[in-house]
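In terms of the working numbering, the sequence shown has 317 at position 308, counting the first letter as 1, and numbering is strictly consecutive. For glycine and all other residues, C-beta sits at the position ideal for the given N, C-alpha and C. Values in this document were obtained by computation on a predicted structure and should not be read as measured data.
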Amino acid sequence: MQQRQATGTAILFEGARLLTGDGKAPIENSAFIVANDRFTSVGRKGELQLPPGAARIDLSGKTVMPAMVDVHSHFGFLKQLDGSMSKANFNRENLLDHLKRYAYHGFAAAISMGTDIGDLPYQLREEVYPGAALFRTVGRGLAWPGSGPNDAARNDVPYVVTTVQQARSAVEDLAPHHPDFVKIWVDDRNHTQKKLTPELYGAAIAEAHKHNLRTIAHVYNLEDAKGLVRAGVEGFTHLVRDTDIDDEFLALLKQHPGVFFTPNLGITSRAIESSRPAWLDDPLLHETIPPGEIARLENQFSNRRPDALANTRASWDLQVRNLTKLRAAGVRIVLGSDSAGDPSRTMGWHAIWELDALSKAGMTPSEVIVASTRLAAET
Numbered sequence: 010m011q012q013r014q015a016t017g018t019a020i021l022f023e024g025a026r027l028l029t030g031d032g033k034a035p036i037e038n039s040a041f042i043v044a045n046d047r048f049t050s051v052g053r054k055g056e057l058q059l060p061p062g063a064a065r066i067d068l069s070g071k072t073v074m075p076a077m078v079d080v081h082s083h084f085g086f087l088k089q090l091d092g093s094m095s096k097a098n099f100n101r102e103n104l105l106d107h108l109k110r111y112a113y114h115g116f117a118a119a120i121s122m123g124t125d126i127g128d129l130p131y132q133l134r135e136e137v138y139p140g141a142a143l144f145r146t147v148g149r150g151l152a153w154p155g156s157g158p159n160d161a162a163r164n165d166v167p168y169v170v171t172t173v174q175q176a177r178s179a180v181e182d183l184a185p186h187h188p189d190f191v192k193i194w195v196d197d198r199n200h201t202q203k204k205l206t207p208e209l210y211g212a213a214i215a216e217a218h219k220h221n222l223r224t225i226a227h228v229y230n231l232e233d234a235k236g237l238v239r240a241g242v243e244g245f246t247h248l249v250r251d252t253d254i255d256d257e258f259l260a261l262l263k264q265h266p267g268v269f270f271t272p273n274l275g276i277t278s279r280a281i282e283s284s285r286p287a288w289l290d291d292p293l294l295h296e297t298i299p300p301g302e303i304a305r306l307e308n309q310f311s312n313r314r315p316d317a318l319a320n321t322r323a324s325w326d327l328q329v330r331n332l333t334k335l336r337a338a339g340v341r342i343v344l345g346s347d348s349a350g351d352p353s354r355t356m357g358w359h360a361i362w363e364l365d366a367l368s369k370a371g372m373t374p375s376e377v378i379v380a381s382t383r384l385a386a387e388t
């Protein structure tokens, strides 16, 4: 039993199955006291004394777990009611709609990963709204022109970086806002774009560290991932997706034990279906998404080309192998869904789907819970 002094209005909750988010076995028939929005005592039913004036709530038959955190999302551009992606949607009302959707799906906070516009995101970061998740932001990311977000609405949002000075200046511009990370895109988009060179992303990472800021990278290729780790990146928003990771990369990660990954497997795990999948009947999806948008999701599974399906399944298998190697090496895996990267990645529900994808990829339920709660909150 763990106990701290309870102050203010306290509530004793009893009888629930309590998942603590630290990988330990659940506490059956638990008891816990919440005061001033914090857990002050945790134990089993009958072990805790009811504080004077406290209420008692019976949670028998229920399961309680910590709220989750999504470390990789894209806020503001997607209008969930009609599926549009536009800068015109980037306003307080739509951002709050996204945050309320996250809270409804069990998330306490989410990080907007590199596609935010203006001062509004930084203002929202300092505010707390009832029924809404907390908002965190990395501001604008850094990318070679055209190699950042690959949709028209957001493609020009990142800082343009083609020189070392531009890389440094972008970070200098971000630094006064104290973003959670400096986001860097290093991806040639299947050989259709130029991408940041080691000299450029190295300058950005060095400048970020000069300002005591952490860095996180969108990556695709193994060799780029190696270069980013050597340059001092703290995290990745995707797994390596061009080839199997090798012993050299695992050795680099061992030398840099703080590096983490958000696998972002949800979109691929959905795309391996050859016909209408059962998840389209999920009551939670129908509760939170308009029928027209569900129909749009369903249409994605009509007349799928065999070659495209085979390529997607091969990509899934590759990413699962790479995740398995990272887990075996003790690399930190954190929940990140890439929600609203396109209209099909619905806010809130897609982050829940990422939990399912991690499980399908071989993570145990306990590992998934830890990745989405404690580790994500600590990131």
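Between the Cα of A360 and the Cα atoms of I378, P374, L344, which residue gives the shortest distance?
-> L344
Anticipated Cβ contact below 8 Å, T72 with R26, distance rounded = 5 Å
Hey, quick one: how far does the alpha helix (DSSP H) through H186 stretch, first residue to last?
-> Taken as a continuous stretch (DSSP letters only), H186 belongs to no alpha helix (DSSP H), as it is neither H nor E.
Separation of A44 from W194, as counted between CA atoms = 42 Å
To the nearest whole angstrom, what separates the beta carbons of N294 and I303, a pair I think is in contact under 8 Å?
-> The question names Asn, yet the displayed sequence has Leu at residue 294. That belief holds up - the Cβ atoms of L294 and I303 are roughly 7 Å apart, short of 8 Å.
Can you give, in chain order, each stretch of the alpha helix (DSSP H) that sits fully within the segment 213 to 248 and has at least 4 residues?
-> 231 to 240
Determine, using beta carbons only, whether H81 comes closer than 8 Å to chain B.
-> No chain B is part of this structure, which consists of one protein chain only.
If you compare alpha carbons, which of P286, L57, N331, L332 is closest to S311?
-> P286
Starting from E387, follow the alpha helix (DSSP H) in both directions and report where the run begins and ends.
-> 383 to 387
Enumerate in chain order the residues of its own chain whose CB-to-CB distance from G267 is below 7 Å, with the five nearest sequence positions on each side excluded.
-> E243
Is any heavy atom in the ligand FAD found nearer than 7 Å to the beta carbon of M94?
-> The model on display carries no ligand, and the ligand FAD is accordingly not part of it.
Alpha carbon to alpha carbon, how far is R101 from G85?
-> 8 Å
Opposite S93 in the DSSP bridges: which residues?
-> K88
Would you mind giving the Cβ-Cβ distance between L262 and V238, rounded to the nearest angstrom? I have them listed as a contact below 8 Å.
-> 7 Å
Opening and closing residue of the beta strand (DSSP E) in which D365 lies = Note, D365: premise wrong, no beta strand (DSSP E); alpha helix (DSSP H) at 358 to 369.
Kindly indicate which residue of G30, I20, E23, F22 has the alpha-carbon position closest to the one of P374.
-> G30
Counting Cβ pairs closer than 8 Å, one from the segment 86 to 93 and one from the segment 347 to 356, do we hit at least three?
-> yes
State the CB to CB distance for the pair V166 and A179, rounded to an integer number of angstroms; the pair is presumed to be in contact (CB under 8 Å).
-> Not really, about 12 Å apart at Cβ, beyond 8 Å.
Please state whether DSSP places K192 in a helix, a strand or coil.
-> strand
What is the DSSP secondary structure of Q44, reduced to helix, strand or coil?
-> First, the residue type needs correcting, since residue 44 is Ala and not Gln in the sequence shown. DSSP places A44 in strand when its eight states are reduced to three.
Leaving out five residues on either side along the sequence, give the residues of the same chain with a beta carbon under 7 Å from the beta carbon of N103.
-> G85, K88
Whether T297 touches G357 by CB criterion (8 Å) | yes
Between A380 and the rest of its own chain, which residues show a CB-CB distance below 6 Å, the 5 nearest in sequence each way excluded?
-> I342, V343, L344
6 Å Cβ shell around G32 - same chain, five flanking residues per side excluded | S375, V379
8 Å Cβ cutoff met for I36 and L21 | no
For R65, which residues does DSSP report across the bridge?
-> L21
Beta carbon of L143, beta carbon of A162: below 8 Å?
-> no
Boundaries (first-last residue) of the alpha helix (DSSP H) holding H200 = Element bounds for H200: n/a, residue is neither H nor E.
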